[in-house]
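Residue numbers (my numbering): 1 to 432. Take a look at the structure set out below.
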Amino acid sequence: MCEARRAVARTSLLCVISWGVAMSASAQPAPRPPGPPPTATLTVDEAVREAIDHNLTLAAERYSVSVARARIVTARLRPNPVFTYSAMLPDSAIYDNDVNPFENVFRMDVVMEGGGKRARRIEVAQQATTVAELQLLNTIRTIMLDVQGAFVDVVLAKENAALARESLDAFNALVQVNTERVRTGDLSQVELARSRLAALQFQNDVRQRESKLAIARHKLKTAIGRTGPDAVDVTGELRREATPAAIETVARLALETRPDLQALRHDEARSAADLRLQIAQGKIDYTVSGEFHRQQAPHDIVGNQYGLYVSVPLPIFNRNQGEVERARGESRQIDARIRALEADIGREVQAAYEEYSAARDIVATIETQMLTQARDVRATTEYSYRQGEASFVEFLDAVRAFNDTMQSYNEARAEYARSLYALDSISGKVTP
1 MCEARRAVAR TSLLCVISWG VAMSASAQPA PRPPGPPPTA TLTVDEAVRE
51 AIDHNLTLAA ERYSVSVARA RIVTARLRPN PVFTYSAMLP DSAIYDNDVN
101 PFENVFRMDV VMEGGGKRAR RIEVAQQATT VAELQLLNTI RTIMLDVQGA
151 FVDVVLAKEN AALARESLDA FNALVQVNTE RVRTGDLSQV ELARSRLAAL
201 QFQNDVRQRE SKLAIARHKL KTAIGRTGPD AVDVTGELRR EATPAAIETV
251 ARLALETRPD LQALRHDEAR SAADLRLQIA QGKIDYTVSG EFHRQQAPHD
301 IVGNQYGLYV SVPLPIFNRN QGEVERARGE SRQIDARIRA LEADIGREVQ
351 AAYEEYSAAR DIVATIETQM LTQARDVRAT TEYSYRQGEA SFVEFLDAVR
401 AFNDTMQSYN EARAEYARSL YALDSISGKV TP
């Protein structure tokens, strides 16, 4: 009887434990499926700063400065002295007959550079380092413009996608209303089919706009140097300034501060220093040598000899004429490049200012004359269509005209922002 009661107790305990385990397992939340990666939202200034820190092209360009600075270290080095040791060991027949003693020779040769070659090398390396630093700044300038343009593209794609979704939502609602009107006999099946077809067209437009938005975000992500799975989004309005700097000011700043033009001017100075270096390379170098001879003859006779030598090459054939002419030709070439870049900068300033003026005028025209009219026409036509006073084709034309106007407005604002960023870039701005 006791054994039966113990068995029942053990069974009851096992049931309670099993029930508790099951309840605790059911209380744990089920694992969630992996969702999309988190989205980072950036302003245009944050995107530019991140690009300066992490852009892959810029990271590679920074090594050019390190390489140029290493060349300064190389230019400061002096020629190594040369140590020579030799031993004259005659055999016993010669040595025992006092013909030739044992001899140990220690020699040191030191090259004395002439023409100031070391100072000229250092000057060339320092100018080359300045050129590399300015080229890095110019790379930063172009990357800033790329990031700003990519930011504008994302904002434009977002606004166009929102406009397409708004039209799709409106036509989906209209399809629902028309379906009810067909059910009540207030509308024909043809009108319902037309509204459904229009809704499908707007659905395709939404898909296209979302695809362009994804491409624009990926372009921005690449420009700022991100390689992980996290998505990138932007926040902030498109840049808009009523009165940027005057064209004369932009042109003056561009000629004074553009890093690419400054790099060419310093490259011209480097070329002049290289010409002086090549002329110095044609000067002779002196080699001063000293020798110490330790001689040992039979019968413990030991003696020393000392020698001093000066070697001077005769510059009869090679005076580095070819490199001198090469340096002169390179200097003339750089001077021509400077003049060409100055002319290109002038044309860039004129073109950018013209683009700015055109975009500003287009934005003002759309805002003052077109937006209100397009919105009113769409609202009036929609009301008339719902009242049965306008055809579906007229309503659809009004909606498309409004969308075209809004897209033109968005693109004009985007072009306006791009032109302002372009003016900053042309004038040589390299800070966000």
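Here a beta-carbon is modelled for each residue, glycine too, at the ideal position from N, C-alpha and C.
Length of the line joining the Cα atoms of A263 and R107: The straight-line gap from Cα to Cα measures roughly 48 Å.
The stretch 70-89 contacting the stretch 140-155, beta-carbon criterion three pairs below 8 Å: No contact exists between the stretch 70-89 and the stretch 140-155.
For H299, the nearest candidate out of I338, N97, D45, A68 (CA to CA): When each option's Cα is compared against that of H299, the closest is N97.
Inter-residue spacing [alpha-carbon to alpha-carbon] between D335 and Q148: Rounded to the nearest angstrom, the two C-alpha atoms are 32 Å apart.
L253 versus E113 - alpha carbon distance: L253 and E113 have their C-alpha atoms spaced approximately 44 Å apart.
Any beta strand (DSSP E) of 3 or more consecutive residues that is wholly inside the stretch 89-159: Taking only runs of at least 3 residues, the beta strand (DSSP E) segments lying wholly in the stretch 89-159 are 102-112.
Those residues which DSSP pairs with Y85 across a bridge: The partner list for Y85 (beta bridge, DSSP) reads F106.
Every unbroken beta strand (DSSP E) within the stretch 263-343, with a cutoff of 3 residues, ordered by chain: Counting whole runs of 3 or more residues, the stretch 263-343 contains the beta strand (DSSP E) stretches 286-297, 301-311.
Per DSSP, the bridge partner or partners of L42: As computed with DSSP, L42 is found in a beta bridge with V234.
Status (buried if at least 16 other CB within 10 Å, exposed otherwise) for S271: The residue is buried, with at least 16 neighbouring Cβ atoms inside 10 Å.
Q135 beta carbon less than 8 Å from that of A273: In this structure, Q135 does not lie closer than 8 Å to A273 by Cβ.
Test item: CB-CB of A47 and L220 under 8 Å: The criterion of a C-beta distance shorter than 8 Å is satisfied by A47 and L220.
For K429, three-class secondary structure by DSSP: Looking at K429 - three-state DSSP - the assignment turns out to be coil, as it is neither helix nor strand.
Cβ-Cβ separation, T41 to D458 (assumed contact under 8 Å), whole Å: There is no way to answer for residue 458, as the model of the chain reaches only from 1 to 432.
Nonlocal neighbours in the same chain, by C-beta distance under 7 Å from R196, ignoring five residues either side: So the qualifying residues of the chain are V175.
Cβ contact check for the stretch 383-396 and the stretch 348-366: 3 or more pairs under 8 Å: Short answer: they don't touch.
Beta-carbon proximity of R294 to N104, cut-off 8 Å: Yes, the Cβ-Cβ distance between R294 and N104 is below 8 Å.
Check whether R239 and A417 have beta carbons under 8 Å apart: For R239 and A417, yes; Cβs fall inside 8 Å.
Residues of its chain near V434, where Cβ-Cβ distance is below 8 Å and the 5 sequence neighbours each way are ignored: Any answer about residue 434 is impossible in this case: the structure gives the chain only from 1 up to 432.
Assigned exposure category for R224 - 16 Cβ within 10 Å defines buried: A small fix is needed here, since residue 224 is Ile in this sequence, not Arg. Answer is buried; the Cβ neighbour count reaches 16.
Exposed unless 16 or more other CB atoms sit within 10 angstroms - verdict on F395: Burial state of F395 is buried, judged by a 10 Å Cβ sphere holding 16 or more other Cβ atoms.
Assigned secondary structure, N55 (DSSP; H/G/I helix, E/B strand, else coil): In the structure shown, N55 sits in coil (DSSP, three-state: anything other than H, G, I, E or B).
Of the residues I284, E382, F392, the one placed nearest L187, counting alpha carbons only: Closest option to L187, Cα to Cα, is F392.
A188 in three-state terms, based on DSSP: Per the sequence presented here, residue 188 reads as Ser, with Ala not at that position. In this structure, S188 counts as coil in the three-state DSSP scheme.
Euclidean distance between Cα positions of N318 and E330: In this structure, the CA atom of N318 is about 21 Å from the CA atom of E330.
With 16 other Cβ atoms within 10 Å as the buried cut-off, status of T227: Counting C-beta atoms within 10 angstroms of its own C-beta, T227 has fewer than 16 neighbours from the protein chains shown and is therefore classed as exposed.
A216 in three-state terms, based on DSSP: The answer is helix: DSSP assigns A216 an H, G or I state.
Boundaries of the alpha helix (DSSP H) in which L77 is found, first to last residue: From DSSP, L77 is part of no alpha helix (DSSP H); its letter is neither H nor E.
Beta-carbon proximity check, R120 vs S425, cutoff 8 Å: Contact flag unset, no.
Neighbourhood of N403 by C-beta distance below 7 Å, restricted to the same chain and skipping five residues each side: Same-chain partners within the cutoff: L163, S167.
Distance between V312 and V110 (C-alpha atoms, nearest Å): Roughly 12 Å separates the two Cα atoms.
Buried/exposed call for D146, threshold 16 Cβ in 10 Å: With 16 or more other Cβ atoms within 10 Å, it is buried.
Selection from A358, V190, F171, A216 that minimises the alpha carbon distance to Q201: Put simply, of A358, V190, F171, A216 the residue whose alpha carbon is nearest the alpha carbon of Q201 is F171.
Of the listed residues N55, L58, K117, nearest to Q278 (C-alpha basis): Measuring from the Cα of Q278, the nearest candidate turns out to be K117.
Straight-line Cα distance separating P315 from D285: Using only the alpha carbons, I get a separation of about 10 Å.
Nearest neighbour of G236, chosen from P432, V430, T431, T43 [CA to CA]: Taking G236 as reference, the option from P432, V430, T431, T43 with the minimal CA-CA separation is T43.
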